[in-house]
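**Q** Residue 596, in numbering that gives the first Met the number 0, is where the sequence shown stops; the numbers in between run on with no holes.
C-beta atoms are modelled at their ideal positions from N, C-alpha and C, and glycine is treated no differently.
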Amino acid sequence: MTGTTAGTGPAAGPGPDTGTGRETDAGPDTDASPDTGTGPDTGTGPDTGTGPDTGAGSGGAPGASGRTAATPRTGGRRHLAGTPALLRFALRRDRVLIPVWVAVNALMVLSMPGTLKSLYGTPAERASLLDQMAANTSLRALVGPVFGDSLGALTAWRVGVYAGALAAVTSLLVVVRHTRDEEESGRQELVSSAAVGRRAPLTAALLAAAVAGAALALLVTAGLAGQGAAGAAAFGLGLAGVGLVFATAAAIAAQLTQSARAARGLTAAMLGAAFVLRAAGDAADDRSSVLTWLSPLGWLEYLRPFAAERWWVLLLFAGATAGQAAVAYRLAGRRDLGMGFLPTRPGPAEGRLGTAGALAWRLQRGALYGWSAAFLAAGIVFGRMTDGAAQAVGDNERTREIFQRMGGQSDLTDAFLAAMTGLLGLVAALYVVSSVLRLSGEESSGRAEPVLAGAVGRLRWDAGHLAVAFGGSALIMLLAGVGFAIGYGRQAGPVLGACLVQVTAVWVIGGIAVLLHGLLPRGAVAAWGVAGAALLIGWIGPALNAPRPVLDLSPFGHLPKLPGADVDWTTLGVLLGLAAVLVGAGLAALRRRDMAG
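#1: Taking Trp-292 as part of the alpha helix (DSSP H), name the residues at either end of that continuous run.
#2: Given Thr-266, which residues of its chain have a CB within under 6 Å of its CB, disregarding the five upstream and five downstream residues?
#3: Can you say whether Tyr-328 is buried or exposed, counting buried as having 16 or more other CB atoms within 10 angstroms of its CB?
#4: List the endpoints of the continuous alpha helix (DSSP H) containing Arg-457.
#5: Are Val-502 and Leu-561 closer than 7 Å when you measure CB to CB?
#6: Helix, strand or coil for Gln-490, going by three-state DSSP, please let me know.
#7: Is the beta carbon of Val-99 less than 7 Å from the beta carbon of Gly-528?
#8: Rounding to the nearest angstrom, what Cα-Cα distance links Val-142 and Ala-359 in this structure?
#9: DSSP three-state call for Met-597: helix, strand or coil?
#10: Under the rule that 16 or more other beta-carbon atoms within 10 Å means buried, what is Val-289, buried or exposed?
#11: So, using beta-carbon positions, are Ala-208 and Ala-164 closer together than 7 Å?
#12: What does a CB cutoff of less than 6 Å around Thr-82 pick up in its chain, not counting 5 residues either side in sequence?
#13: So, with DSSP's three-state summary, where would you put Leu-577?
#14: Would Gly-378 and Ala-479 be called neighbours here (beta carbons separated by less than 7 Å)?
#15: Could you give the DSSP three-state label for Leu-79: helix, strand or coil?
#16: Is Gly-576 buried or exposed, if buried means 16 or more other CB atoms sit within 10 Å of its CB?
#17: Under 7 Å Cβ to Cβ from Thr-29, same chain only, skipping five residues before and after it: list those, please.
#18: With distances taken between CB atoms, is the gap from Leu-341 to Leu-255 smaller than 7 Å?
#19: Which residue comes first and which comes last in the alpha helix (DSSP H) that contains Gly-531?
#20: Using three-state DSSP, classify Glu-183 as helix, strand or coil.
#21: Near Thr-220, what residues of its chain come up, given a Cβ to Cβ distance below 7 Å and the 5 sequence neighbours on each side ignored?
#22: On the three-state DSSP scale, how would you describe Ala-584?
#23: Going by C-alpha to C-alpha distance, which of Ser-434, Leu-302, Leu-519, Leu-128 sits closest to Ala-229?
#24: In this structure, how does DSSP classify Gly-339 when only helix, strand and coil are distinguished?
#25: Would you call the region 147-158 and the region 115-132 in contact, with 3 or more CB pairs under 8 Å?
#26: Helix or strand or just coil, what does DSSP make of Ala-355?
#27: Which residue marks the beginning of the alpha helix (DSSP H) containing Glu-448, and which one marks its end?
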C-alpha cells in the first residue's frame, strides 16, 4: 500500500496527504481500521518532528525542522533535569536529620578547646602529653598521633578521627535515604515518570550530603578561627572531605545492593575498614605508615590542622570523591530501577521460617553478627589499653579527675574500665535503636502487610523483632565483656559485670524507640536523637564538668560505676521496670493505630 499517515504538514512522499488517515490507492483497503500513523514513519508521510529525523523520507527530503540528520540534545542537561527540585525536596525531608547531626558534630569539636585548656594549660603539660602519646601505641591507635602542642592542634588530635567518622555516617545516611531507600519504597518510580533526568536523584542526594558537609565546615572554621584561621579552615575542609568521600562510597553501595539496609551496611563496613587501617597505621612505629595513607580518616590526620598544614592532602579527598562519583554514575546508567549489581541470594527451596520470630532473626542476623564481632574486638582493644592508659593519665591531675568523674572511681584502672564499658554501652544503644526501627522499615516498605495478612498478629510480629533487638543488645555487651577479659587478663568477673550492667540503660533507650514506633511511625527516627543525646551527655558531659541534673537526663547516668563500686539493685530494677513500661505502651499504641505503607 502507498497509504499515508495522518499528518499535520505536507507529505514528503508521492501523492497528496489528505490528513484523514485513509488510504489513497485505487484498490480496496483490506485493513480493518484506518492507518493512524502509530507505526514507524517510512518516509511516505509527513515528518512531525516528534522524533529524530533519519533522512529516510522519500527522496531523502528533510524533515519538518529542516534538518537532514539527527542533532543530539545536550545529554548532561537531560540527565540532570529536575535536580534543583529534588534537592529542595531532599533538604526539606532532612530539615531535622541534617541540622541535628551537624550540630552534634560541631558541638563536639567546638567544646574541646576549653576542655583541653583546663587539662593541659601549660607548655610543660602539653610537652608531657606529646611524650606519653609517642610512647603509647594503644592510645595512638585510639585517637591518632599528636602533631603540635597548640590548643588547635590538640583539638584536631582529640576529636578529629571521631568527628570525621560522624561526618561520614551523616553523609552515608543522607545518600542512601535519597537513593536506594526511594527505589525500595517505590517512590523513585513515581518521580521518574515525571520530567526528571536519570542522574537527577543521585545528584540531588550527593548535593544534599555536600550541603551537610559545607555546613559542618563553616561551623568548625568559624568556631575554631580563634585558634588560627588557616588551621580552622583546614580542619573544617578536612571534615567535609571525609563526608564527601563516604557520600560517594554510599552512592556506589546504593548501585551495587538491592536494599537500603544492605547499602548502609556496606558503607558502614567501608568506614570500619578505614578506621582499622588508620588505627593499625597510627600504632606502627613509622609516623607515616602506608596503612594510614590508605584511609580517608588518616588523610584528615596528615592534613595536620594547626601544625604546618599540608594543603595538598585536600587533593586526595577531591580525587577520591570525583573518582567514586564517576563510578557511581556509571553504575547507575547500567542498571534497571530497583535492581542492583550484587544479586540477592535465592531463598531455600523449602520454607523454614515457620514463625514471626524466625523471620525477624533471618532479617536481622547479618547486622547482629557484625555488631557482635565489632564489640568483641573493641573489648579486646580496650582491655589491652587499660594499663597504658592509666599510666598515661596518672601524671596529669585534671585528666585524672575527668576519668574519675566518668568512671566514678578513685583508682585509675577501675575508672578507665568503667569509662570504656560505659562508652560501649552508649554505642550499644545505637544498635538497639537500629534494630527496633527495622519494624518501621518493614512497615513503610509494605513488607509487613503480607505477613500480617495471615495468622500473625501485630504483637507476635513486633515481638519477634524486639526479641532480636533486646536480646542482641545483651549479647553484644556480653561479648564486649569477654573481650575485656581477654585483653586485660585480670578481673574477668567484675569486668564482665561492668558490661552487663549497661544493658538495663540500653533497654530503656530501646523502650523509647518502641514507644515512638507505636505512637508516631513517621517520627520514629527521633529515637536516633534520643540515643545521640545519651551518647553526648554520657561521653562529653563529664569532660565539660556538666552538673549532675544534666547527667541524670540519661539512663546511663544512674548506673553503678563498675568495677569497684557496689551494685544498686534497686536502681537497676527501676530501669528495667521503666523499659518494660515503655515497651508495653509502645505495643499498646501499635495495636490501636493504622499500619503505614
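**A** Once the coordinates are examined:
#1: 289-292
#2: Leu-171, Ala-248, Ala-249, Ala-252
#3: buried
#4: 457-487
#5: no
#6: coil
#7: yes
#8: 37 Å
#9: The requested residue 597 is not part of the displayed model; the chain covers only 0 to 596.
#10: exposed
#11: no
#12: Ala-199, Thr-202, Ala-203
#13: helix
#14: yes
#15: coil
#16: exposed
#17: Below a pLDDT of 50, predicted positions are generally treated as unreliable, and Thr-29, at 41, falls in that range; the measurement from the model is reported next regardless. So no residue of the chain qualifies.
#18: yes
#19: 525-539
#20: helix
#21: Ala-231, Ala-232, Gly-235
#22: helix
#23: Leu-302
#24: coil
#25: yes
#26: helix
#27: 447-451
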